[in-house]
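Undergrad: In UniProt numbering, the protein residues as written are 1 to 437.
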Ligand code: PA5
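#1: Which residue's Cα is closest to the Cα of residue 96: 110, 119, 425?
#2: Output the residue ranges of the beta strand (DSSP E) runs that lie fully inside the stretch 246-291 and measure 3 residues or longer, sorted by chain position.
#3: Shortest alpha-carbon distance to residue 306 belongs to which of 391, 362, 344, 140?
#4: Measure from the alpha carbon of residue 234 to the alpha carbon of each residue in 398, 45, 410, then state which is nearest.
#5: Between which two residues does the alpha helix (DSSP H) holding residue 2 run?
#6: Determine the DSSP secondary structure at residue 373, reduced to helix, strand or coil.
#7: Could you check where the beta strand (DSSP E) with residue 188 kicks off and where it finishes?
#8: What residue range is occupied by the uninterrupted alpha helix (DSSP H) comprising residue 439?
#9: Taking 7 angstroms as the limit between beta carbons, can you name the residues of its chain near residue 89, skipping five residues before and five after?
#10: Classify residue 238 as helix, strand or coil using the three-state DSSP reduction.
#11: Three or more beta-carbon pairs under 8 angstroms between the stretch 207-214 and the stretch 254-269, yes or no?
#12: Distance, Cα to Cα, residue 146 vs residue 116?
#13: From the DSSP output, in three-state form, read off residue 88 for me.
#14: Assign residue 279 to one of two classes, buried (16 or more other C-beta atoms within 10 Å of its C-beta) or exposed (fewer than that).
#15: For residue 15, which of 192, 377, 239 has the nearest alpha-carbon?
#16: Quick check for students: name the residue ranges of the beta strand (DSSP E) that lie wholly in the stretch 279-351, counting only runs of 3 or more.
#17: Flag residue 270 as yes when its Cβ comes closer than 7 angstroms to any non-hydrogen atom of the ligand PA5, and as no otherwise.
#18: What residue does the alpha helix (DSSP H) around residue 418 start on, and which one ends it?
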């Protein structure tokens with residue numbers, strides 16, 4: 001389902017990884033007893049039948065669904081749809097699924113005009129139930145939906161079960177509601193109703209997604225450090241970051257993984273970029289994630305990767321099983337075209353990935369490789385879970401809390417105050433003074 005190769009990545013550094021064994025054993029013990037919030041996903045399967053029933057009902061009434069969410073409430077959904085349905089799905093797929101994850105007056109106006117609102121359903125996703133961008137989009141599009149005759153009981157709300165405005169509005173409107181477990185942070189929530197409900201709308205098996213995650217969980221809890229892919233990769237990442245590799249490039253060799261790259265960037269950055277105080281000294285933890293797509297970015301970023309500063313590590317993600325697309329023998333008198341005859345696009349993609357990896361390894365750049373078996377919900381579930389676990393293990397090594405996001409929260413609070421939210425009135429002058437400065 002998922003293979004990790006750290007051969008070149010660790011070359012010569014294996015002994016040095018021993019210092020990460022203690023955090024690894026701590027991590028493994030907590031993983032095994034499902035003590036980390038992200039492991040709560042493994043229990044989300046029991047909600048699937050109810051989600052599938054609602055999805056089936058709504059599919060017969062609507063041809064398009066507009067999902068409103070941001071950050072952890074949108075990136076996983078985009079990754080999931082892109083991987084399993086492809087970037088062109090909405091051209092002919094049914095139902096169509098669109099995700100709006102920004103405040104954009106332009107897009108709001110375009111979507112109002114473009115969509116047939118008598119056949120468009122609304123899915124409102126916000127774990128906290130208060131994120132201002134999503135709340136504003138919901139208010140705006142709810143009005144559009146209502147004016148087109150949309151039924152309140154067909155709205156779907158996904159949030160945590162706390163006492164928040166979103167739950168109260170859902171009750172008042174009689175909307176469908178799915179809850180995610182309160183301790184599960186947004187960026188780890190793709191394998192909860194946040195991702196599983198949109199998956200159900202598109203007929204993607206939530207059970208298979210979770211099965212992939214479960215299988216990775218088993219491997220990671222069973223294997224000792226010498227053979228555990230998570231220890232070897234996570235330890236290697238810490239080893240290199242201690243030697244000045246401050247940028248973590250994830251080179252995804254398949255356009256189907258491009259949105260996964262953005263999901264990874266949020267997970268990595270928001271979980272590991274932390275200010276902390278260790279033995280009295282202020283420490284800034286974290287490395288900068290950068291996702292790119294092969295072969296596309298061979299024609300842009302690769303030049304920098306190869307000849308620019310030696311401050312990066314490189315992860316390659318590839319997919320082993322590919323449809324066979326054979327190139328016909330055409331234009332055979334021209335040397336630039338003749339050699340393609342009978343070769344496949346899959347072969348070419350694999351060759352180009354290998355060429356890129358070899359050229360970086362030759363330059364002494366640390367490269368690791370994650371190979372997914374195929375394009376299936378199980379492989380994607382495995383990939384999500386593996387990277388969630390990787391982030392949490394690295395957090396153990398760096399002694400940071402991977403489940404909070406004080407930097408993000410502060411931005412939300414300033415927005416609440418400046419936009420005039422009542423319970424932030426007292427803090428408004430303080431933030432207005434900052435604006436003046
Ligand atoms: O991971 C996180 O906690 C954040 O990125 C949130 O997902 C993001 O801020 C959106 O929050 P919410 O789902 O509460 O609207």
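Quick reminder that beta carbons are idealized off the backbone N, C-alpha and C, glycines included. None of the values given here were measured: they were computed from a predicted structure.
TA: For this structure:
#1: The option with the nearest alpha carbon to residue 96 is 119.
#2: List check, beta strand (DSSP E) in window: 247-252, 274-278, 281-285.
#3: Of the listed residues, the one whose Cα sits closest to residue 306 is 362.
#4: Measuring from the Cα of residue 234, the nearest candidate turns out to be 398.
#5: Unbroken run through residue 2 is the beta strand (DSSP E), 2-5; no alpha helix (DSSP H).
#6: DSSP, read as helix, strand or coil, puts residue 373 in coil.
#7: Counting along the chain, residue 188 sits inside no beta strand (DSSP E), nor does DSSP assign it H or E at all.
#8: No statement about residue 439 is possible, as the shown extent of the chain runs from 1 to 437 and does not include it.
#9: Excluding positions up to five away in sequence, the list reads 81.
#10: Assigned with DSSP and collapsed to three states, residue 238 falls in helix.
#11: They do not touch, by the three-pair rule.
#12: When only Cα atoms are considered, residue 146 and residue 116 end up about 13 angstroms apart.
#13: Three-state result, residue 88: coil.
#14: An exposed status is given to residue 279, since fewer than 16 other beta-carbon atoms sit within 10 Å of its beta-carbon.
#15: Checked all of 192, 377, 239; the closest Cα to residue 15 is 239.
#16: Here the runs fully enclosed are 281-285, 288-293, 312-319.
#17: True, at least one ligand heavy atom lies under 7 angstroms from that Cβ.
#18: Counting along the chain, the alpha helix (DSSP H) containing residue 418 begins and ends at 406-419.
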